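Have a look at the structure below before the remarks.
Number of protein chains: 2
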Amino acid sequence: MILAGGSGTRLWPASRRARPKQLLPLGPGGETLLAAALRRGRAIAGPRVLVVTAETQAEATRQVAPGIELLTEPVGRNTAAALGLAAATLAERDRDAVLAVLPADQHVADEPGLTAVLETALAAVERDDVIGTIGIAPTRAETGFGYLEVDAATPGVVTPVRRFVEKPDRATAEAYVASGRYLWNAGMFCASAARLLRELDEHLPATAAAVREITAGRARASEVYPALASISIDHAVMERAARVVTVPAAVGWDDIGSWAALPALRGSDADGNTAAGPTVIVDGTGNIAIGDDGTLIAIVGISDVVVIKSGDAILVVPRAEAQDVRKIVEALSARGLARYL
Amino acid sequence: MILAGGSGTRLWPASRRARPKQLLPLGPGGETLLAAALRRGRAIAGPRVLVVTAETQAEATRQVAPGIELLTEPVGRNTAAALGLAAATLAERDRDAVLAVLPADQHVADEPGLTAVLETALAAVERDDVIGTIGIAPTRAETGFGYLEVDAATPGVVTPVRRFVEKPDRATAEAYVASGRYLWNAGMFCASAARLLRELDEHLPATAAAVREITAGRARASEVYPALASISIDHAVMERAARVVTVPAAVGWDDIGSWAALPALRGSDADGNTAAGPTVIVDGTGNIAIGDDGTLIAIVGISDVVVIKSGDAILVVPRAEAQDVRKIVEALSARGLARYL
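Going line by line, the protein sequences match chains A and W.
If you're matching positions, the first sequence starts at 1 in this note's numbering and goes up one per residue.
If you're matching positions, the second sequence starts at 342 in this note's numbering and goes up one per residue.
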C-alpha cells in the first residue's frame, strides 16, 4: 500500500493543491516520487500494489501510474484513516492479508537493500503478528520524525522496539541521538490487516468503525470521512501499540519532506549546488536551484539558498529553513493570495 | 542632452540588449528613467532636448519619448564619443551653443533643486567657459563614481575643482570620504560645445575628428564609429581638463547603477523591503523583490537579498553585491546562454 495523499505544502511552489509532491518529476531523469515508490512496492508485492490518495488527486495519480488500483479518500484525514481504509479493504478480501505501507514521498538509494529488510519485516509479521517498522540510524536531531528506542541496532536483524516517540522536541531529539539507542522511524509499516484494525478498534474506535462500514458498503466515504479525527498512525497507534519491532536498515533512506532533501534525491555538483533547468551559479555553493519552462535561474554571491521557480511562483529560502515554506503557505492564505497555492 | 545609450547589464535581467535600463518602468507609477530624465532636461532647456542613444534602441526610445530629437550611434563607444557627437552637432547649428549633459539612468528626488543648480552651473559656463559639474556629498566609499576635490562645499555655490579622480580604488575612496574634501561627481556636465570639442581635440583627437566629419556629412557614422576608442568622458577629458568647477548640491541624487539603488527610486515598506508585483516576504528585511507578469515572489527567512524576475530569467544576489550581476552576464556569454542577455 502506497500512501500518496499528502498535500506537500513544504514543496511549494512545485507542489500545489492540485499537484501534490509525489506527482512531481523531482527524481533523476524526471521520475516522480510516486513512480519510485511503486517500484519499491512491486519489488515486494508484485502487481498487488494499492495506492491510497485523495479523490481530487485520483486523475493525476492515474496518469503517473496507469492501471494501478486506487483507493480514494473524499477528504484527507491523515494517515490513521488512510491505513484503516486500506486495512479494512484488504481484510474484506483476505482475512489473513498482510500489508506493507510505503509513503510515496521518500527516496531510497539502495532498493534491493530495502526489499530485503521489508521481506524480513513481513516474515516477522507473518510469524509473530508484530507491527514491523524500518529503523534508520539518525544523522541529526531531526524533530520531524518518529524515534524508535532499541537495545541494539544490527542492520537486517528484527529488533524489539522498547518505545516509539513521534516528533520529539529539539532537546529530546538531541538526547536520543546522543544516546545511540534510538533509530529514526522510516515511516514504513508492516502488519496484518487484522492487527491494524484491532489497534484502531482499541485506540481510534470511531475511525475503525467508519472504515469497516465503508468497506462493507453500509456507509459512503463522502458522508462519514469528514467527521473522522485527523491524526497520524504514529500518534494514534504506534506510540501506544505493543509488540512493535524494527529492522535496522542502512539503505540510503531520505524523507523528501522539504526542498532541503533534494540533493539526496538528485545529487549535487562539485560546488555542492543542486540544479535543474537552466541555471547559472557564480560565487555560490550549496544552493538548490530548480527552474521550469526554460526560465533561467541566475545566482551570484550567495550560498546555501533554495531558489525554486514553478509555474507562476518563485520561492527563495535559506536551505536550513526550508521547513519554513509553510509560513509562506499560511501568509498566502491570510493575504488573499490563495490562488498561488 | 540626455545620455541614453547604455546597455545596463547591471540591471539584468530586467535590462537586456534590446531593452536597456533607461527604458524600464522602474520608477514610481511605472515611469521610465528616461521619462524622468527628459523632465529634468525640459526644466532647463524647454523643448531643446536631444537624446543620444544606440541605433538599436531608437525605436524603443521613440516609444517612450515620442517627438523627441534623437541622435543615434551605430555602436556604443562610451560617453566620450557620445558627448563629442552631440557637441559637434550642436556646434554646427550654433557656434555658441552650451549644453548640459544628463545621464538617463539617475534618480533625483528634488527636481526644482536640481534645476536651480544646473542653471547656476550653466551661468558659470557662459560667463567663464568652465566645465561645470554637480557635486554630491558622499555617503559611502563608492568605487563606481568619480570624485571631485574641493576646498569647500557650500550647496549652490560655484566651486573650483582641484582634481577629478574617476573610480578610485576602495582605500582611496575611503580616504577621500574621510577627508571631507571630496564630492561625488553626479555625472552631469555643463559646457559649451566648442569647449568640449577643444578638449577632445587635445585629449582624444581621433574621436574629435570623427564626430566633426560625421556632423559635416563627410563621413558615415557606421564607417568611422567602430574604430573609435571606447572611453568615458571622465577618463578621457575630466581627469585632465583645466578650469573645472562644481556646484555642490543636496537634491536627493542617486545613480541607478544597480538593483541596490532601487529603494531610493521606489521607496521601501516598514520592514525595509522594496517590492513590485505580487510578493510575500516572511521573516525578512531589506529585500528587493521585483516581479513581472503576475509571477509571485515568495521570500522567507532571508534578508538583504535582491530577487528579480523579468521575462525568462530570475536573478538572486545579495544586495551588497548587486554590482556582481555583471559576473552573471559574463558567465552567460561564456556558457552559450547569451540568448538570456
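C-beta: ideal position from N, C-alpha, C; glycine also.
As the structure is a computational prediction, the values presented were derived from the model and not from experiment.
Item: Start and end residues, alpha helix (DSSP H) containing residue 425 of chain W; Value: 419–434
Item: Cβ of residue 21 of chain A within 8 Å of any chain W Cβ; Value: no
Item: Chain-order list of residues whose beta-carbon lies under 7 Å from that of residue 136 of chain A (same chain, five-residue window excluded); Value: 183, 184, 186, 249, 253
Item: Bounding residues of the beta strand (DSSP E) (the contiguous stretch that carries residue 507 of chain W); Value: 504–507
Item: Members of the segment 298–312 of chain A that neighbour chain W once the beta carbon cut-off is set at 8 Å; Value: 298, 299, 300, 301, 302, 305, 307, 309, 312
Item: Backbone secondary structure at residue 254 of chain A - three-state DSSP; Value: strand
Item: Chain-order list of residues whose beta-carbon lies under 6 Å from that of residue 110 of chain A (same chain, five-residue window excluded); Value: 251, 252
Item: CB contact check: residue 629 of chain W to chain A, cutoff 8 Å; Value: no
Item: Proximity to residue 388 of chain W [Cα-Cα], best of W:401, W:400, W:406, W:402; Value: W:406
Item: is_contact[residue 295 of chain A, chain W] using C-beta, thresh 8 Å; Value: yes
Item: is_contact[residue 335 of chain A, chain W] using C-beta, thresh 8 Å; Value: yes
Item: Cutoff 6 Å; reference residue 17 of chain A; Cβ partners in own chain excluding five residues on either side; Value: 341
Item: Continuous beta strand (DSSP E) assignments of at least 3 residues falling wholly in the segment 222–309 of chain A; Value: 244–248, 253–255, 274–276, 279–282, 288–290, 296–300
Item: Residues, ordered as in the chain, of the segment 322–334 of chain A that lie near chain W by beta-carbon distance below 8 Å; Value: 324, 325, 327, 328, 331, 332
Item: Length at least 4, wholly inside the segment 372–412 of chain W: the alpha helix (DSSP H) runs in chain order; Value: 374–386, 399–405
Item: Start and end residues, alpha helix (DSSP H) containing residue 465 of chain W; Value: 452–469
Item: Neighbour-count burial assignment, residue 258 of chain A, 16 or more Cβ in a 10 Å radius; Value: buried
Item: Boundaries of the alpha helix (DSSP H) in which residue 512 of chain W is found, first to last residue; Value: 511–520
Item: Amino acids of chain A, ordered along the chain, whose beta-carbon sits closer than 7 Å to that of residue 658 of chain W; Value: 300, 301, 302
Item: Cβ contact (3+ pairs, closer than 8 Å) linking the segment 191–209 of chain A and the segment 164–171 of chain A; Value: no
Item: 6 Å CB neighbourhood of residue 273 of chain A in its chain, flanking five on each side removed; Value: 281, 287
Item: Short CB-CB distance (under 8 Å) between residue 469 of chain W and chain A; Value: no
Item: Contact set between residue 683 of chain W and chain A, taken where Cβ atoms lie within less than 9 Å; Value: Here chain W has residues from 342 to 682 only, and residue 683 of chain W is not among them.
Item: Interface partners of residue 388 of chain W on chain A, CB under 8 Å; Value: Residues of chain A passing the Cβ test: none, with the nearest at roughly 42 Å.
Item: Residues of the segment 605–623 of chain W whose Cβ lies closer than 8 Å to any Cβ of chain A, in chain order; Value: 619, 621, 623
Item: Minimum C-alpha distance to residue 666 of chain W - residue among W:558, W:676, W:347, W:601; Value: W:601
Item: Residue nearest to residue 411 of chain W in terms of C-alpha spacing, selected from W:421, W:670, W:427; Value: W:427
Item: Closest by C-alpha distance to residue 381 of chain A, when choosing among A:298, A:247, A:116, A:129; Value: Outside the displayed span of chain A (1 to 341) sits residue 381 of chain A, for which this structure offers no information.
Item: For residue 439 of chain W, three-class secondary structure by DSSP; Value: strand
Item: Beta-bridge partners of residue 500 of chain W, as assigned by DSSP; Value: W:587
Item: Whole-angstrom C-beta distance between residue 144 of chain A and residue 117 of chain A, which should lie under 8 Å; Value: Residue 117 of chain A to residue 144 of chain A, Cβ: 22 Å. No contact.
Item: Residue 655 of chain W: contacting residues in chain A (beta-carbon distance under 8 Å); Value: 291, 295, 296, 297, 298, 307, 309, 314
Item: Residue span of the alpha helix (DSSP H) that contains residue 207 of chain A, given as start and end; Value: 205–215
Item: Span separating the alpha-carbon of residue 494 of chain W from that of residue 586 of chain W; Value: 11 Å
Item: Nearest neighbour of residue 55 of chain A, chosen from A:313, A:49, A:262, A:72 [CA to CA]; Value: A:72
Item: Neighbourhood of residue 657 of chain W by C-beta distance below 6 Å, restricted to the same chain and skipping five residues each side; Value: 648
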